[in-house]
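Asks: Sharing a structure, written as structure tokens. Questions coming.
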Amino acid sequence: MNVVDVQELSFRYTPKQSPIINGVSFSIDEGSIVGILGPSGSGKSTLLRLIAGLEVPSAGRIAISGKVVVDPSTFVAPENRGVGMVFQDYALFPHLTVAENVEFGLHRLPKKSRVVRVGEMLELVHLTGFEKRYPHELSGGQQQRVALARALAPKPSILLMDEPFSNLDAELKSVIRSELREILQKANMTCLFVTHDQLDVEAICDSSVVL
363 MNVVDVQELS
373 FRYTPKQSPI
383 INGVSFSIDE
393 GSIVGILGPS
403 GSGKSTLLRL
413 IAGLEVPSAG
423 RIAISGKVVV
433 DPSTFVAPEN
443 RGVGMVFQDY
453 ALFPHLTVAE
463 NVEFGLHRLP
473 KKSRVVRVGE
483 MLELVHLTGF
493 EKRYPHELSG
503 GQQQRVALAR
513 ALAPKPSILL
523 MDEPFSNLDA
533 ELKSVIRSEL
543 REILQKANMT
553 CLFVTHDQLD
563 VEAICDSSVV
573 L
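At the far end of the sequence shown sits residue 573, using my numbering, and the numbering has no gaps.
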């Protein structure tokens with residue numbers, strides 16, 4: 363089953379500007395990890411923002427889990443798309459503990475279920491025992507895993523990751539790459555992964571889209 367189906371997607375910031383994304387089409391199967399490669403300015407991050415609902419395309423259609431979320435007559439709000447995101451800077455809340463950061467997106471669950479889900483997520487990303495720490499007490503790799511746990515906690519249909527390794531040094535990057543693939547596979551998570559590094563795609567992704 364296609365978790366994401368993108369058809370003839372185009373985007374431009376102003377009507378007079380030439381399109382940043384022009385007629386892009388692809389689909390992603392359930393459980394696949396797909397890399398988006400391309401030079402700076404090719405529209406990689408914009409494509410993620412369009413899928414997440416943070417930008418509106420000038421043309422085309424996006425469906426997630428069989429449901430159209432945007433086309434010329436449809437727009438589903440970001441919070442109703444079933445999309446998780448991990449940003450370049452991780453965007454953790456500095457005043458919240460690790461557990462509270464992971465719990466942030468689970469407000470619809472009863473308290474007891476939230477506690478169980480946070481525990482499951484921290485076990486998945488190998489951070490059990492770190493519940494009470496704050497982001498500034500963690501390494502870059504640990505912060506990234508908290509961001510990953512927070513994004514996975516609400517069980518999104520797809521996880522979008524925007525240059526998640528750009529703040530890590532080369533040695534840590536290679537360790538995190540293999541960890542990330544293992545975590546995503548264990549969670550059976552469909553993932554779209556933006557990078558400019560071919561090595562990221564080779565280490566983590568099942569296939570790639572080049573812009």
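Built from N, CA and C at the ideal position, the CB exists for glycine as well. Quick caveat: nothing in here was measured; it's all calculated off a predicted structure.
1. Could you spell out the range, first to last residue, of the beta strand (DSSP E) harbouring Asp524?
2. Could you spell out the range, first to last residue, of the alpha helix (DSSP H) harbouring Ile566?
3. Considering only residues of the same chain and omitting the five flanking positions on each side of Gly503, which have a CB-CB separation below 6 Å?
4. Excluding the 5 residues preceding and the 5 following Leu371 in the sequence, name in chain order all residues of the same chain whose CB lies nearer than 8 Å to its CB.
5. Spatial neighbours of Thr436 within its chain, please: CB distance less than 6 Å, with the 5 preceding and 5 following residues excluded, ordered by chain position.
6. Could you tell me which uninterrupted alpha helix (DSSP H) segments, each at least 4 residues in length, are contained entirely in the segment 480–526, listed from first to last along the chain?
7. Opposite Asp367 in the DSSP bridges: which residues?
8. Candidates Ile545, Cys567, Val366: which alpha carbon is nearest Glu485's?
9. Could you tell me if Asp391 is buried or exposed, where buried requires 16 or more neighbouring beta carbons within 10 angstroms of its beta carbon?
10. Under 8 Å Cβ to Cβ from Gly415, same chain only, skipping five residues before and after it: list those, please.
11. Near Ala549, which residues of its chain fall below 7 Å by C-beta distance, leaving aside the five closest residues on each side in sequence?
12. Rounded to a whole number of angstroms, what is the C-alpha to C-alpha distance between Asp524 and Cys567?
13. What is the rounded straight-line gap between the Cα of Tyr452 and the Cα of Asn529?
Replies: Looking at the atomic coordinates:
1. Position 162 of the sequence shown, counted from the first residue, corresponds to residue 524. Per DSSP, Asp524 belongs to the beta strand (DSSP E) from 520–524.
2. One-based indexing of the sequence shown puts residue 566 at position 204. Segment 560–566, the alpha helix (DSSP H) holding Ile566.
3. Stepping through the sequence shown from its first residue, residue 503 is reached at position 141. Closer than 6 Å at Cβ, skipping near neighbours: Leu534, Ile538.
4. The count along the sequence shown starts at 1 and reaches residue 371 at position 9. Closer than 8 Å at Cβ, skipping near neighbours: Ile383, Gly385, Val386, Ser387, Leu409, Leu412, Pro419, Ala421, Gly422, Arg423, Ile424.
5. Mapped onto the sequence shown, residue 436 falls at position 74. If you ignore the 5 residues before and after Thr436, its C-beta comes within less than 6 Å of the C-beta of Val430, all in its own chain and listed in chain order.
6. Within the segment 480–526, the complete alpha helix (DSSP H) runs of at least 4 residues are 502–514.
7. Translated into positions along the sequence shown, residue 367 becomes position 5. Looking at the DSSP assignment, Asp367 forms a beta bridge with Ser389, Ala425.
8. Here residue 485 corresponds to residue number 123 of the sequence shown, with the count starting at 1. Considering only alpha carbons, the answer is Ile545.
9. Residue numbering aside, residue 391 sits at position 29 when the sequence shown is read from its first letter. Asp391 is exposed by the Cβ-count criterion.
10. Taking the first residue of the sequence shown as 1, we reach residue 415 at position 53. Spatial neighbours of Gly415 in its own chain (CB-CB distance under 8 Å, excluding positions within 5 residues in sequence) are listed in chain order as Val431, Val432, Phe437, Val438, Ala439, Pro440, Arg443, Val445.
11. Reading the sequence shown from its first residue, position 187 is the one you call residue 549. Excluding residues within five positions, the ones whose Cβ falls inside 7 Å are Leu486, Leu514.
12. Counting from 1 along the sequence shown, the entry for residue 524 is found at position 162. Counting from 1 along the sequence shown, the entry for residue 567 is found at position 205. Approximately 14 Å, taken between the alpha carbons.
13. One-based indexing of the sequence shown puts residue 452 at position 90. One-based indexing of the sequence shown puts residue 529 at position 167. For Tyr452 and Asn529, the distance between alpha carbons rounds to 10 Å.
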